[in-house]
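Here's the structure, in structure tokens; my notes come after.
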Amino acid sequence: MRNQQMRAIDVIERCKTTQGLQEAIEAICDIYEVSHATYHATSVHKLTDHGDYGLTTYNKMWVRRYLDKQYGLIDPVVAASFKGFIPIDWRALDFSGRPCEEFLGEAREFSITPYGMTFPIRGMSGEHALFSINSDSHPQSWNKFLQENRADFMLLAHYFHQRVREIEIGGGETCFQELSPREKDVIYWLSRGKTFEDVADILFITKRTVRAHSESIRHKLGAVNTAHAVAKAISYGMVSSL
Amino acid sequence: MIRMFYGHQLKSNAETGRHMFQSRARLFRGRLGWDVAVDSHGCERDEYDAFDPLYVVVIDEQDRHIGSLRILPTTGPNMTADHFAHLSGGGAIRSPLIWEVTRFCVESSDWIEESSVRRAGLELMLAAHELAEYAGVKQFLATFDRRMLTIYKRCGWEPDLLGFEGAGRQRVYLGLWDVEPEVGVNLRRKLRISDKIVEQEEMLQRLFAA
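Going line by line, the protein sequences match chains A and B.
To convert, take the position in the first sequence, counting from 1, and add 9; that gives our numbering.
To convert, take the position in the second sequence, counting from 1, and add 120; that gives our numbering.
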């Protein structure tokens with residue numbers, strides 16, 4: 010599982026162009042064995058000034074059909090995900106009514122199933138984007154999949170969004186969020202091989218607090234785990250001597 | 121009864137919302153003397169209510185507000201990052217797996233019984249916990265007043281304190297909680313219920329409705 014996330018983050022990190030992002034989203038599907046993935050920026054300064062920005066693995070004919078028939082106006086996933094921040098299980102959406110049922114029927118012809126989850130992304134400046142996955146697995150294995158991978162995708166969605174911003178707005182330079190002084194302390198001691206317990210003792214904070222800082226560092230650096238965060242912090246020159 | 125709605129759904133939860141904002145005014149301005157803005161309708165709102173937070177509210181059979189709290193993701197604009205970062209080590213804690221809780225508020229008027237207040241605190245925490253479990257969120261970060269500290273202790277879901285500032289009634293604490301299965305078990309035991317407090321499917325349907 011960790012390995013999957015490591016591969017997914019690696020793929021996202023390596024991409025340099027819009028085409029690269031498209032390949033990354035396809036690779037994420039392969040890595041997690043889901044049928045489809047979509048990234049959709051709805052409100053991101055500079056990126057969506059002239060309309061939405063999207064990358065998807067859906068069949069091109071379906072995408073064209075979707076846009077031509079303006080399915081965005083009736084698609085319950087779109088309606089539910091324009092606001093809010095908790096992940097959206099498509100099964101909780103209301104697909105009743107004739108237009109919606111027709112829409113769903115057509116989607117099925119393109120191998121899109123009701124087993125999907127949309128992860129809303131909310132950024133520091135209040136920007137909003139979405140990352141969705143769709144699977145053709147059975148209900149039970151889908152539940153198990155969500156149980157095991159939800160947190161992964163919460164992180165991946167934000168990380169993918171960050172990479173999109175770097176490539177489409179920032180010219181491709183990696184641009185991570187600044188670590189706080191306390192986070193720098195934490196990563197420094199972790200890089201010296203200390204455990205969470207050690208770090209807590211050294212910094213006079215609780216282990217739970219170390220975990221929160223570590224979680225925040227992981228998000229800011231786009232890392233899978235502590236070891237990965239330490240490696241990244243070192244390669245970015247963030248860890249020197251105190 | 122638990123109600124959950126986003127800021128953008130306040131229109132369809134107008135009365136519950138108004139009672140919540142008024143109750144917040146009574147507590148934060150009235151009892152605690154915090155420097156918060158209260159409008160001509162007696163409603164307390166701040167800039168973070170404009171960032172489409174998620175509200176969790178407990179109401180009684182007469183639809184009266186018993187307690188409420190406000191959730192925002194720490195990846196976006198949030199109060200802890202903007203105003204209390206110095207309490208968490210000089211910079212904002214940000215992760216999609218950590219949510220912020222603010223404006224935790226339980227009613228304390230004469231008409232309400234102490235036991236309902238106590239129950240409301242537990243219910244709010246359990247509802248927030250269940251929502252976090254659904255989302256895969258691992259921790260809660262929250263600012264709160266001294267009285268809440270007692271309530272958290274009594275509920276058996278105590279935060280680690282990251283820091284505090286101010287004195288007396290105006291003192292504000294920053295705390296951190298873990299989301300873990302035992303918490304749900306403990307809170308349910310205290311509430312003497314065996315199932316989830318929120319019927320998940322119904323709650324999600326409401327939250328995802330336009």
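Positions of the beta carbon are idealized from the N, C-alpha and C atoms, including for glycine.
Given the structure is predicted, the values throughout are model-derived calculations rather than measurements.
Same chain, Cβ closer than 7 Å to L130(B), five either side skipped, listed in chain order | G137
Where do the N-terminal and C-terminal ends of the alpha helix (DSSP H) with T73(A) fall, by residue?
-> The sequence as given places Arg at residue 73(A); Thr does not occur at that position. K69 to D77 is the extent of the alpha helix (DSSP H) around R73(A).
Between the Cα of I40(A) and those of T57(A), I21(A) and A50(A), spot the shortest distance and give me the residue it belongs to.
-> I21(A)
Measure the C-alpha to C-alpha separation of F204(B) and R151(B) and round it to an integer number of angstroms.
-> 22 Å
Buried or exposed (CB count within 10 angstroms, at least 16 for buried), Y126(B) | buried
S188(B) by DSSP, collapsed to three states: which one?
-> strand
Measure the beta-carbon distance from H249(B) to V299(B) and round it to whole angstroms, keeping in mind my assumption that it falls under 8 Å.
-> 6 Å
Spatially closest choice to E321(B) from A138(A), T66(A), A240(A) and L102(A), by CA coordinates | L102(A)
Thinking C-alpha only, which one of E32(A), I34(A) and A116(A) is nearest R73(A)?
-> A116(A)
How should R289(B) be labelled, buried or exposed, when 16 other C-beta atoms within 10 angstroms of its C-beta is the threshold for buried?
-> exposed
D298(B) versus chain A: which residues are under 7 Å apart at the beta carbon?
-> R217
If you draw a straight line from the alpha carbon of S90(A) to that of D98(A), how long is it in whole angstroms?
-> 10 Å
Interface flag, T222(B) vs chain A, CB-CB below 8 Å = no
Grouping DSSP H, G and I as helix and E and B as strand, with all else coil, what is H222(A)?
-> helix
Short-range partners of chain B found in the region 218-238 of chain A, where Cβ spacing is below 8 Å | T218, R220, A221, H222, E224, S225, R227, H228 and K229
Endpoints, beta strand (DSSP E) assigned at C225(B) = I218 to V226
With a cut-off of 8 Å, does the C-beta of K369(B) fall near any C-beta of chain A?
-> The structure shown has nothing for residue 369(B), since chain B only spans 121 to 330.
Along the region 254-283 of chain B, what residues have a CB closer than 9 Å to any CB found in chain A?
-> Y254, A255, G256, V257, K258, Q259, L261, P279, D280, L281 and L282
For the beta strand (DSSP E) that contains Q259(B), what are its first and last residues?
-> Q259 to F264
In the DSSP assignment, what are the bridge partners of L152(B)?
-> According to DSSP, which records beta bridges pairwise, L152(B) is partnered with nothing at all.
Can the beta-carbon of G283(B) be found closer than 8 Å to that of E192(A)?
-> no
Using three-state DSSP, classify P173(B) as helix, strand or coil.
-> coil
Could you tell me the distance, in whole angstroms, from the CA atom of S188(B) to the CA atom of Q186(A)?
-> 32 Å
Tell me, please, which residues DSSP counts as bridged to V178(B).
-> I122(B) and G187(B)
Does the separation of the CB atoms of R220(A) and F205(A) fall below 8 Å?
-> yes
On the premise that H185(B) lies in contact with H128(B), defined as a C-beta separation below 8 Å, what is that separation, rounded to the nearest angstrom?
-> The Cβ separation is near 20 Å, so there is no contact.
Anything in the region 123-142 of chain B with a Cβ closer than 9 Å to a Cβ of chain A? List those residues in chain order, please.
-> Y126, G127, H128 and Q129
With 16 other CB atoms within 10 Å as the buried threshold, where does C184(A) fall?
-> exposed
T195(B) (DSSP reduced to helix, strand or coil) | coil
Which term fits Y67(A), buried or exposed, when burial requires 16 or more other beta carbons within 10 angstroms of its beta carbon?
-> buried
Tell whether a beta-carbon distance below 8 Å holds between S236(B) and E224(A).
-> no
How would you list, in chain order, the residues of chain A whose beta-carbon sits under 7 Å from the beta-carbon of L324(B)?
-> D98 and A101
Listed by chain order, chain B residues near P258(A) by CB distance under 9 Å = The first residue shown for chain A is 10 and the last is 251, placing residue 258(A) beyond what the model contains.
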